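Numbering (our numbering), first residue to last: 17 to 381. Quick reminder that beta carbons are idealized off the backbone N, C-alpha and C, glycines included. Note that the structure is predicted; figures quoted are calculated from it, not measured.
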């Protein structure tokens with residue numbers, strides 16, 4: 017490669033090294049910005065993918081390739097800019113570098129389009145299977161018709177969550193079943209809450225569960241399917257009552273301006289690696305996540321969470337009364353996860369509106 021007598025062509029080795037380092041830095045910055053722009057997409061993909069680890073590796077490799085192509089594009093652009101200032105330059109070399117730059121630029125463009133299309137597919141989800149549709153039908157029935165029969169107000173674990181409850185006293189030989197419902201407003205989109213719900217065994221949520229004294233919480237990766245995961249947890253109960261084990265599958269689907277996550281117990285046996293004294297409980301429920309109009313440019317969604325717990329064996333009424341609010345306490349976790357500190361007071365008004373509407377609907381006022 018021959019340089020001419022132009023300004024760039026007469027640059028010293030130090031200047032050339034500095035230029036090379038600057039280009040490398042620019043490529044690195046562009047790569048980081050590219051990665052940061054899809055960090056939320058990564059979260060959605062990792063929470064809702066069938067094979068999380070494989071997806072993470074695939075995304076990481078493709079982003080690395082995209083960053084390298086961005087770097088190559090920058091190098092070629094700087095080289096061609098330098099060639100314009102040089103008095104003498106090999107035309108064949110210029111043509112080759114220009115072609116490489118164009119190909120690299122097209123590679124970045126096509127890669128970004130592919131990421132965008134895949135992100136849209138992830139948000140919509142794959143078509144639900146027949147058995148998954150049946151779960152949604154069963155769980156949506158728990159919302160009821162809005163009547164007040166059988167519902168009573170519970171003492172909520174959070175002032176931001178309204179908690180009505182249905183309890184059906186068991187007859188002789190039957191099991192204790194309670195149905196609770198919580199309504200609140202969360203400072204994010206419905207999609208973000210859905211991703212958080214599906215990330216049931218995240219490090220943070222597992223840590224919180226452990227601090228609460230629950231013996232186990234894990235994901236059954238071998239049971240994962242499109243739009244679906246399976247999890248197992250053992251909940252701590254008072255010392256004279258056996259702990260309860262719940263093994264459930266969670267399925268999500270997206271609709272216009274809303275996302276639904278349904279869950280229902282499955283019969284699979286789980287190996288926790290240790291011997292746990294427990295009884296099998298059953299649960300079924302639904303997350304109804306509805307986007308609300310933005311307030312001051314910030315996203316909001318109304319979250320309705322209904323859960324039906326069958327504790328198995330003999331469970332006194334007071335135990336059911338205590339555990340339903342605990343189960344609905346996950347709404348408080350969601351609020352804290354997405355709370356915007358500067359908007360903490362502003363959230364009170366819409367939450368109170370939801371409370372009044374729901375209480376009037378249930379006849380509790």
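(message) Going by the DSSP bridge assignment, what does residue 79 pair with across the sheet?
(response) Per the DSSP secondary-structure output, residue 79 pairs with nothing in a beta bridge.
(request) For the beta strand (DSSP E) holding residue 154, just list the boundary residues, first then last. (result) That residue, residue 154, is in no beta strand (DSSP E); its alpha helix (DSSP H) goes 146–156.
(request) Compare the C-alpha of residue 328 against each of 240, 193, 342 and name the closest. (result) It is 193 whose Cα lies nearest to the Cα of residue 328.
(message) In the DSSP assignment, the beta strand (DSSP E) including residue 281 goes from what residue to what residue?
(response) Membership of residue 281 in the beta strand (DSSP E) is indicated by the continuous run 274–281.
(request) State the DSSP-derived secondary structure class of residue 231, mapped to helix, strand or coil. (result) Coil at residue 231, not helix or strand.
(request) With residue 285 as the anchor, note down where its beta strand (DSSP E) starts and where it stops. (result) It is not in any beta strand (DSSP E) - residue 285 carries neither H nor E in the DSSP assignment.
(request) Figure out for me which residue from 294, 227, 282, 280 has the closest Cα to the Cα of residue 255. (result) Proximity to residue 255 across 294, 227, 282, 280 peaks at 294, based on C-alpha coordinates.
(message) At the level of alpha carbons, what is the spacing between residue 246 and residue 112?
(response) A direct Cα-to-Cα measurement between residue 246 and residue 112 gives close to 53 Å.
(message) Within the continuous alpha helix (DSSP H) that includes residue 347, where are the two ends?
(response) Residue 347: member of the alpha helix (DSSP H) spanning 346–354, first to last residue.
(message) Which residues does DSSP list as the beta-bridge partners of residue 323?
(response) For residue 323, DSSP records a beta bridge to 196, 301.
(request) Determine the DSSP secondary structure at residue 218, reduced to helix, strand or coil. (result) In the structure shown, residue 218 adopts coil according to DSSP, grouped into three states.
(request) Return helix, strand or coil for residue 317, following the three-state DSSP convention. (result) Three-state result, residue 317: strand.
(message) As a quick exercise: from 352, 339, 127, pick the residue whose alpha carbon is nearest that of residue 224.
(response) Closest option to residue 224, Cα to Cα, is 352.
(request) State the Cα-Cα distance for the pair residue 98 and residue 110, rounded to the nearest angstrom. (result) When only Cα atoms are considered, residue 98 and residue 110 end up about 10 Å apart.
(request) Go through the region 88–116 residue by residue and report every complete run of the beta strand (DSSP E) that reaches 3 residues or more, in order. (result) Within the region 88–116, no complete beta strand (DSSP E) run reaches 3 residues.
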